[in-house]
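Participant: For the sequence shown, my numbering gives the first residue as 4, with consecutive numbering after it.
Using N, Cα and C, we set each Cβ at its ideal position, and we do this for glycine too.
Please read these numbers as outputs of a predicted model, since none were measured by experiment.
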Amino acid sequence: ELDQAIADYTQALTINPKDVEAYNNRGIAYSDKGELDKAIADFNLALQINPKDAEAYNNRGIAYRKKGKLDKAIADYTQAIKIYPKFAEAYNNRGIAYSDKGELDKAIADYTQALKINPKFAPAYNNRGFAYYQKGEFDKAIADYTQALQINPEYAGAYNNRGNAYSDKGELDKAIADYTQTLKINPKFAPAYNNRGIAYSKLGNKQKAIQDFNKAAKLFADQGDTARQQQALELLKEL
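1) What is the rounded straight-line gap between the Cα of I84 and the Cα of A59?
2) Can you check whether the CB of A178 is closer than 9 Å to the CB of N186?
3) Tell me the DSSP secondary structure of F141 in three-state form.
4) Within the same chain, show all residues whose beta-carbon is closer than 6 Å to that of I154, passing over the 5 residues directly before and after it, in chain order.
5) With DSSP run on the structure shown, which of helix, strand or coil describes D56?
6) If you drop the 5 nearest sequence neighbours on each side, which residues of the same chain put their C-beta closer than 6 Å to that of G246?
7) For a quick check, are the C-beta atoms of Y162 and Y182 less than 9 Å apart?
8) Got a sec? Which residues, its chain only, sit under 6 Å from I120 by beta carbon, not counting five neighbours each side?
9) By how many angstroms is the C-alpha of E174 removed from the C-alpha of N189?
10) Is it true that the CB of D22 sits closer than 9 Å to the CB of Y33?
11) Can you tell me where the alpha helix (DSSP H) with Y182 in it begins and where it stops?
12) Under the rule that 16 or more other beta-carbon atoms within 10 Å means buried, what is I111, buried or exposed?
13) Between Y67 and I99, what straight-line distance do the alpha-carbon atoms span, to the nearest angstrom?
14) Terminal residues of the continuous alpha helix (DSSP H) containing E157?
15) What are the boundary residues of the alpha helix (DSSP H) that includes D33?
16) Assign D1 to one of three DSSP states: helix, strand, or coil.
17) Which residue from Y203, A127, D171 puts its Cα closest to that of Y136?
18) How far does the alpha helix (DSSP H) with G105 in it extend, from its first residue to its last?
19) Any heavy atom of the ligand PLP within a distance shorter than 8 Å of the CB on A220?
This is the structure in structure tokens:
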């Protein structure tokens, strides 16, 4: 699918080598494939043609973040915002990069700005909730996750995250309800099995914990995530 898209955009560029949108779209396809250097090269070309292309800066920022080059990512998001100050996604993305750097207050400020621009931006609520969670401000985290879920009731990640906040608050029944809801929406969401298993083991429900850790380990294995598979197996051993 991505290869077909890349071929189509390449074809468009042979017809019109100054097609900024085609460079942007081909870059996104390369980025989704994990071919980040090719993606960055395409965004560079888009910016050579149009140095005021906020989208290209935002897209290049995403590719830099995937490469772990957080300062370059932040510089690109900042440039995108300079060109287009109402760019909610760029604020959200810059917040994610700050969060990756552990600069949680800057991250929260960016998510808040994204939500000022677009109050229905569920991922920004989820991300701000996660930043509050990392700061140990569980009630603020829960409020943000709840807000994300009001906007998008099918947001599996927000249920899982809210479950973690409830779990850390010691409200294990609420945590289990949220993990269960996560798995209703997405039965392949392995971390929710892991997290629910931890909550069950804290409640002393060994049988259900064993089932959840086994299920998590199997899903992680299927998804090629051996590190987290090992983690689930370790938790099983500790029961």
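Facilitator: Concretely, from the data shown:
1) 12 Å
2) Just to set this straight, residue 186 is Leu in the shown sequence, not Asn. No, these two residues do not count as a Cβ contact at 9 Å.
3) In the structure shown, F141 sits in a helix (DSSP, three-state: H, G or I).
4) Apart from sequence neighbours up to five positions away, the residues of its chain that approach I154 with a beta-carbon distance below 6 Å are K123, A125, ordered along the chain.
5) coil
6) Within the shown structure, residues of the chain are numbered from 4 to 242, placing residue 246 beyond reach of any answer.
7) yes
8) Counting only Cβ-Cβ distances below 6 Å, and skipping sequence neighbours, we find K89, A91.
9) 23 Å
10) no
11) 175-188
12) buried
13) In this model, Y67 and I99 are separated by some 12 Å (Cα to Cα).
14) First-last for E157: undefined, no H or E at that position.
15) A small correction: the amino acid at residue 33 is Tyr; Asp does not occupy that position in the sequence shown. First-last of the alpha helix (DSSP H) with Y33: 23-36.
16) This structure gives no information on residue 1, because the portion of the chain shown stretches from 4 to 242.
17) When each option's Cα is compared against that of Y136, the closest is D171.
18) Boundaries for G105: no alpha helix (DSSP H) harbours it, and the DSSP string shows neither H nor E there.
19) In terms of ligand content, the structure shown is empty, and the ligand PLP therefore cannot be addressed.
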